[in-house]
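Chemist: Numbering (the working numbering), first residue to last: 459 to 794.
Backbone N, C-alpha and C define an ideal beta-carbon position, used for all residues, glycine too.
1. Can you give me the C-alpha to C-alpha distance between residue 643 and residue 651, rounded to a whole angstrom?
2. Taking contact to mean 3 or more Cβ pairs, one atom from each stretch, closer than 8 Å, check whether the region 593-612 and the region 656-674 are in contact.
3. Could you say which of 778, 565 and 577 lies nearest to residue 755 if we only look at CA atoms?
4. Note the first and the last residue of the continuous alpha helix (DSSP H) segment covering residue 721.
5. In chain order, what residues of the same chain lie with their CB nearer than 6 Å to the CB of residue 689, ignoring the 5 residues before and after it?
6. Exposed or buried, which one is residue 740 when buried takes at least 16 other CB atoms within 10 Å?
7. Going by the beta-carbon positions, is the gap between residue 671 and residue 611 smaller than 9 Å?
8. Going by Cα to Cα distance, which pick from 564, 655, 531 and 573 is closest to residue 762?
9. Kindly list the residues whose CB is nearer than 7 Å to the CB of residue 765, restricted to its own chain and excluding five residues on each side of it in sequence; keep chain order.
10. Drop a sphere of 10 angstroms on the beta-carbon of residue 655, count the other beta-carbons inside from all chains shown, and report buried for 16 or more, exposed for fewer.
11. Are the region 624-640 and the region 711-724 touching by the rule of at least three beta carbon pairs closer than 8 Å?
12. Excluding five sequence neighbours on each side, which residues of the same chain lie with their C-beta closer than 7 Å to the C-beta of residue 616?
13. State the CB to CB distance for the pair residue 713 and residue 780, rounded to an integer number of angstroms; the pair is presumed to be in contact (CB under 8 Å).
14. Do you know how far the Cα of residue 728 is from the Cα of residue 533?
15. Within 10 angstroms of its Cβ, does residue 695 collect 16 or more other Cβ (buried), or is it exposed?
16. For the alpha helix (DSSP H) that residue 512 lies in, which residues bound it at each end?
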């Protein structure tokens, strides 16, 4: 019996592909010692865009380090304004406008942050920004998810034309919509109600976001129709299928849409500036702009400290959920 088992194993080994046999040979060499060859290194290392073997070529090495240098310069250029903002918040008003500028504050003024927090009323404006972001998330998820579900899983007449219209709106710069949107918000058609100086006036124009709808539709398309048909055979309505099957399976896409919406709402400046003239309703960025333009005696370092506070939430949000963002973007890539 033992000899038959050995013969069977030998027979299986002879039928294995050459690649599998090569991997076993390399594993045997790594296990029982011996000098690692270049083949061992190539097999054991992770696959990269440029292999170590290609980097040995002079032209490839020059190209690699050239691209690396360009990326390094681009990174430093991007981080430069951020560093200048953080360091400027620690300088005195005289040192900020000093020529030549100092790389780091000679005497860091840490009290600038606490003074800016109190004088600029940052808790009020941070709360307004959070309310605007939360409302934008709820409204955009509700509208985008239902519209995407209708385009993906329901039988609609003219579905392709509607989807093409959504794509077409992505090609138009958003600044083109400013005047028509402001006219509509000032006097809503049919009901003739003004939404100026209301948070709803900020939320409604962005409720139907074409990008979010198309991203969610592309994700809903990957959900098997057999699963939905089985639920309908069990007596589930379209709304039950949407809330109990489609939405739970779409959590990665919904998470990405949520993060993108929060960041977009947090950094939105022009539209809240036009709609919200009441300072008690303004988000942080708009309030800082008004403080800098109306208060000529405001120290520039306080304004920098306020901008640092405004930059912290989106940076922290991205650092905490960067893996989910990348994974979700890969899962929700737009299809042609």
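Modeler: By the coordinates alone:
1. Taking the straight line from one Cα to the other gives about 8 Å.
2. A contact is defined here as three or more CB-CB pairs under 8 Å, and the region 593-612 meets this definition with respect to the region 656-674.
3. Of 778, 565 and 577, the residue nearest in Cα terms is 577.
4. 709-725 is the extent of the alpha helix (DSSP H) around residue 721.
5. The beta carbon of residue 689 sits closer than 6 Å to those of 699 and 703, all from its chain and outside the five residues before and after it, given in chain order.
6. It counts as buried.
7. Judged by their CB atoms, residue 671 and residue 611 are not nearer to each other than the 9 Å cut-off.
8. Taking each of 564, 655, 531 and 573 in turn and checking the Cα distance to residue 762, the smallest one comes out for 573.
9. Around residue 765: 543 and 746.
10. Exposed, since its Cβ has fewer than 16 Cβ neighbours within 10 Å.
11. Contact fails between the region 624-640 and the region 711-724, because fewer than three Cβ pairs, one in each stretch, are under 8 Å apart.
12. Excluding residues within five positions, none has a Cβ falling inside 7 Å.
13. Contact between residue 713 and residue 780 does not hold, since their C-beta atoms are separated by about 12 Å, which reaches or exceeds 8 Å.
14. Going by the C-alpha atoms only, they are around 27 Å apart.
15. Label assigned to residue 695: exposed.
16. Where residue 512 is concerned, the enclosing alpha helix (DSSP H) stretches over 510-513.
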